[in-house]
Structures are given as C-alpha cells and as structure tokens.
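Chemist: The structure under discussion is supplied below as structure tokens; questions concerning it will follow.
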Amino acid sequence: MNRNKSLPGSKRFRSEWMWAYAFIAPTILGLIILNIIPFLQSVALSLHDKHSGALGLDNYIKMFTGDTYFWRSNLNTLLFTVITVPFGIFLSLLLAVLLNHNIKGRNIYRGIFFMPLVCAPAAIAMVWRWVVFNSQTGFLNYMLSLVGITGPNWISDPGMVMISISIVAIWGSVGYDMILLLAGLQGISRTYYEAALIDGAGSLQRFRFITVPLLSPTLFFVIIMRTMNALRQFDLSFMFAKDTDPAFPSVQTLLYLFYRETYIKLNSNYGSAIVLWAVILILLLTALQFWGEKKWVHYDN
Amino acid sequence: MPNNKEKVAFIYRNNRFKNLSVHCVLILASITMLLPFVWMILTSFKSFGESVQVPPVFFPKTIPGKVFSGQESFAYLFSNYRFVLKKVDYFEQLYINTFALIAGRIIFAIVTSSLAAYAFAKLHFPFKKFLFSVILVQLMMPSQIYIVPQFKMAVAIGINNTIMGLIFPGLISAFGVFFLRQFYMSLPDEMSEAAIIDGCNHWKILTKIMLPLTKTPMMALSIFTAIFAWTDLMWPLIVNSDSQNGTLSSALSKIQLMSQVFKTPHLMAASFLAMIPMVLLYFAFQKQFVEGIAMTGIKS
C-alpha cells in the first residue's frame, strides 16, 4: 500500500502532503478561478434573462423554439463534422500507411504535410478564400477549366461553401493526424507482418487483420480529438463569411453563433445558453464514441 | 523451398516497384499541400490588375517587370508588403504580442504542470484521486464554455488589451499535468527514496533530479502549447479587441474586413508576413515539432 512507507500521522507523511499541496496549489487555484467558477457563471448566465434579469429557462426556450439560426447552425456544425472527420482521417491514415513504408525522403514528406499546422489559421483561411476558391480568379477553378470542368462558386454558393470549408479543414489537419497515426503504426512490431507474409496474407488482409486492430487505440484517440475539434469549429467559418454575405446562414457553426450573440449582439446570457448546448452536444457525442469503443478498439496487453 | 528469412527478403525486394507508386501518391499529396502557399507567394507579388485577371496569370509580371527594366528600384518588388506594413503600422507589435502569448503560455504551463504532475505522480496526500479526477474532467471540457466569464474577469482586473490578457486562460494546463504525470510515474521511486535519506526535500528532488530527466516531454508540451496558442483565434479576438493589441491571427481577420483598403495581393502579403516567423521556427526545429506532437498523441 504505502510504497514509500510514510504512514499516516507520521511526521514524514505530514511533510509529504504539505509539499504536495504546495506543488498542486497553483494548478488547483488556477482551475478554480479559470475553470470551475467560470463554468458555474456560464450556467448562471444562461439561466438569467438579459433585460429583466429574471431567473428562468427563457434563453433555452428562445434557442430551441424561436431562433431559426440555432437549428441551422447545429446542422452546419454536424455537416462539417460528418465531412471532415471520416475524410480527414481516411486521408491521414492513407498517408501514414504510405509513409510507414521504408522509403526515401520520409522526413521531407512528413514535414510538408505538417506545414499548415504552423501557419496562422486566419492566414490559411485567407489564402484559400481569396486566391484558391475565388470562382473567377482563383486557381482551383482555373485548373478545373483546363480539364473542361466549370468549377462551382466555392464561396458564394450556399450549397457549396460548407464543403469548401471542410476541404480547407481537412487540408489543414491531415498532417497532424498523420503524425499521430504514423507514430502508432511504428509501434506495431514488424514480426506480425513478417509472420503474415510467410502465411501468404495479401496487403489488404494484412491491413485489415493486423494494422487496423493494433492501430485502433491511436485511431480511436484521433477520431475523438478530431470530432471534438470539428464540433467546435469557428475560425474558418468566421474567416469565410461575415453576416451580410448571402452564404452566411450555411456557414455559421454553433460557436460562430455563440460569438455573434455574445460579442456582436452583446447578449452574453443567450450566448452562454448556446455555448452550453454546444458543450452538451460535444460531451454526448464523445460519450457515444466511448460507448462504441468496446466494439472495435483493441487494447493489446 | 527457401527458408522464411529468404522469403521475406524476396517479398521486400519485390516491393521495390511498389515504392515508386508510393512516391507518386506522396508527391501528388505534397503538391496539394504546397500549392496554396506557392499561389499565396506569387499573388503577393502581383499588381492589383493581375490579381483579378481572368483567366488567372501564374507569374507576376507588372511589378517585377518594372524592377528588372530599371524603372523602379529593387524595393519596389515588395510594394504590396510595404503597403501592408505602412497601413498596419503596428505590425511589429503583432509579432511581439503573438510571441509573448506563446512564450507566456509555455512558461506558465511548464512551471505549474511540472509541480502538480510531480505531486500527483510521486507524493501521497489526502484527496489525491478526487483532485486528479477534477483535472481529467477539465481536460475533456471544451474551453469555449469558460470564455464569457473569463473575459469578464479579465476586464474586471484590467488585463484586457494587454499581453497578460492574451495569456490569461493558459496560466495553468490540465493537459500539461496529465501529460507530464505519466513521465514522472515512469521514473523509479528509488531515486527520490535515496534523495530523501540524504536529506533532500521534495523541492530539491523535483528541481535537481526530476526536472532534468523530463526535458523531452517538456519540449513536447512546449510545442503542443505553442501550436494551440498560435492557432487560437477567438480568445485574442475577444480579450484584446484593439487591433494593435491582438495577435497576428486576430489582426489578419480584421484586415480582411477592410476590403476598401486591402486588395487580394495585399492580403496575401499580410498572410505571408504572419506565417513566416512560425514557419521558419518550424523548419529550424522540424524534428522536435513532429516528435513532440507524436509524443503527445501516444502518451494520451
């Protein structure tokens, strides 16, 4: 039990826990001031009306019944998540598997794929919005026109803009996920593959029966992290459309709605209700994924 | 019948042509990753006319043309950059703010998390499990839930529109505690046992014995913290609403809105200016960046 033999009540034990409390004091104090109190304040704010100050569920009622933007932004957020998580992870996994081959220039490729991560997201959004996606002068539609395709209005078409944002998001995050997956792949012992080769397993079989199960803990972590991030998406939407743009209703995510209600319309009470809902949604979906974890994630002991 | 070793070697040799196709896919992917950057740089040297030309022109001609024909001096080549730096005359302040934010968050995260991580990994004290579970809960929480009250606090203590305001939510790091704790746990207890017998207190054990052994995870935590501080847009936008007090990212988002002043080539020049310091740092420390991120993934 007491590995270092400091029995409760002994002088050494008391000195030990004094040190321990001194060491954790900054973190715990910070946690209380920066997280616990603000959390309670957010809940309290959301339960009060901005104008009358009355306690009640008015903000939530307004959110669920009186705000068409609210449901729309839920839909946008989920759409963004449903596009970016599977496609992003598929591409990162593909790149990780390819890089896991014993090939020359691995570090160069890895370095290139990670590049967007070290660029300011606002800068990246601007580059894509102004010079890649621009339907007339952008280079993407120009490239498409060379092969005879008339490119869509990536930014101004309400049906298209979320896909465009998703492309940027995937492009920006593929390097990060790839590095995590590659680290996971490199942790898989070569002997499994060699044994499978000798047994005559094809590369698809090896992928399905060795790589996927042994990589599943890393894959699960990446999926969880990516889903949480996708549900919190703000930067790209914010950079791609302001509220006067025609495509704006299709761009606004939950956190963009929260930002506008709180800091543009200056209603932090209603804003808090929105952000609490976003957090509940994130935690629910995360819990759901942990529930599904048992079915496919394989922990090797 | 060849033995197994030969068989494996044969199969690997046979895969050599496969490597070629792997390279093809990777090169294609690399081009996709790099093209937007290339296009950004090219556009930042175009004249306004060239930037709106349909179909688009690949290489800037007007501005370099004037320089090479001797009509203008070499500095004219960077006229879009000079325009941005003239209009946004606090641009160097943005660099300072951004790097102060990153450095501040790293220092606070490392100091507070090292202390707490050591206590949670090596010391025994009442309520240890409960307190650690509080940290784990905070780790799962999206940080946006705290933003409104945190902003009100920052205003109340008068640190909005200052560098301290930018750092404020990052004074502690739940992730840092969680992450570093795993490294402290992997260090043998005998080390601290011996030190205690020699009369060292826990402060000495931590600073003289443990800290030097956790340099690698501290580096990883620094890089993780830096990337997250750097890519955070909402908090700087809210807490430091004055443009000259913002970060490169938050300032860019405001510059973009001034479409009367800044045209596409100017926006690309501004983007390039905002990217370049971190990209250079990344090239200098690529190995640490990549390994640091990989480490934060594995240990979580």
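Those protein sequence lines, which keep their order, are chains A and B.
Residue -17 is where the first sequence starts when you use our numbering, and the numbers rise one by one after that.
Residue 9 is where the second sequence starts when you use our numbering, and the numbers rise one by one after that.
The beta-carbon is built from N, C-alpha and C at its ideal position, and this holds for glycine as well.
(1) Using a 10 Å radius around the Cβ and a threshold of 16 neighbouring Cβ atoms, would you call A/N283 buried or exposed?
(2) Ignoring anything shorter than 4 residues or poking outside the region 206 to 279 of chain A, list the alpha helix (DSSP H) runs there in chain order.
(3) Along chain B, in chain order, which residues have C-beta atoms closer than 9 Å to that of A/S138?
(4) State the start and end residues of the unbroken alpha helix (DSSP H) segment that holds A/R190.
(5) For B/F133 versus A/A2, is the C-beta spacing smaller than 9 Å?
(6) Could you pull the start and end residues of the alpha helix (DSSP H) that B/I115 belongs to?
(7) Is the distance from the Cβ of A/A105 to the Cβ of B/M242 below 9 Å?
(8) Going along chain A in order, which residues have a C-beta closer than 9 Å to the C-beta of B/S59?
(9) Between the region 137 to 153 of chain B and the region 253 to 264 of chain A, are three or more C-beta pairs nearer than 8 Å?
(10) Answer with buried or exposed for A/A26, where buried requires no fewer than 16 other C-beta atoms within 10 angstroms of its C-beta.
(11) Let me know if A/R214 comes out buried or exposed under the rule of 16 or more other beta-carbons within 10 Å of its beta-carbon.
(12) Against B/P134, what residues of chain A qualify as contacts under a CB-to-CB distance less than 8 Å, listed in chain order?
(13) Taking Cβ positions only, does B/M9 come closer than 9 Å to chain A?
(14) Between the region 238 to 252 of chain B and the region 104 to 117 of chain B, are three or more C-beta pairs nearer than 8 Å?
(15) What is the rounded straight-line gap between the Cα of B/G73 and the Cα of A/N123?
(16) Would you say A/D217 lies against chain B (beta-carbon separation less than 9 Å)?
(17) Please compile the residues from chain B whose C-beta is within a distance smaller than 8 Å of the C-beta of A/P103.
(18) Let me know the alpha helix (DSSP H) ranges lying completely inside the region -3 to 73 of chain A, each 4 residues or longer, listed in chain order.
(19) Pairs of beta-carbons, one from the region 170 to 178 of chain A and one from the region 112 to 127 of chain A, closer than 8 Å: are there three or more?
(20) If you follow the alpha helix (DSSP H) that A/D139 is in, where does it begin and where does it stop?
(21) What does the Cβ neighbour count give for B/F187, buried or exposed, with the cut at 16 atoms within 10 Å?
(22) Kindly list the residues whose CB is nearer than 6 Å to the CB of B/V185, restricted to its own chain and excluding five residues on each side of it in sequence; keep chain order.
(23) Identify, in the order they occur along the chain, each residue of the same chain with its Cβ nearer than 7 Å to the Cβ of A/I206, setting aside the five sequence neighbours on each side.
(24) Between A/N41 and chain B, is there a C-beta pair that is closer than 9 Å?
Modeler: The answer reads as follows:
(1) For A/N283, the predicted structure reports a pLDDT of 47, less than 50, and the residue's modelled location is therefore unreliable. A value from the coordinates is still provided. Residue environment for A/N283: exposed (fewer than 16 other C-beta atoms within 10 angstroms of its C-beta).
(2) 217 to 222, 230 to 233, 236 to 241, 250 to 278
(3) The premise fails here: A/S138 is roughly 14 Å from chain B at the closest Cβ pair, so nothing lies under 9 Å.
(4) Counting along the chain, A/R190 falls outside any alpha helix (DSSP H), and DSSP gives it neither H nor E.
(5) yes
(6) Per DSSP, B/I115 belongs to the alpha helix (DSSP H) from 99 to 130.
(7) no
(8) Near B/S59 (Cβ distances below 9 Å), the residues of chain A are W112, V113, T119.
(9) yes
(10) exposed
(11) It counts as buried.
(12) W(-1)
(13) Any answer about B/M9 is weak, because its pLDDT of 46 lies below 50 and its placement is not dependable; what the coordinates show is given next. Closer than 9 Å: no.
(14) Judged by Cβ distances under 8 Å, the region 238 to 252 of chain B makes contact with the region 104 to 117 of chain B, as three or more pairs qualify.
(15) 27 Å
(16) yes
(17) T239, L241, S257
(18) 19 to 28, 40 to 43
(19) no
(20) Bounds of any alpha helix (DSSP H) do not take in A/D139, whose DSSP letter is neither H nor E.
(21) B/F187 should be labelled buried.
(22) S121, A124, A125, I143
(23) T268, Q271
(24) A/N41 does not count as touching chain B.
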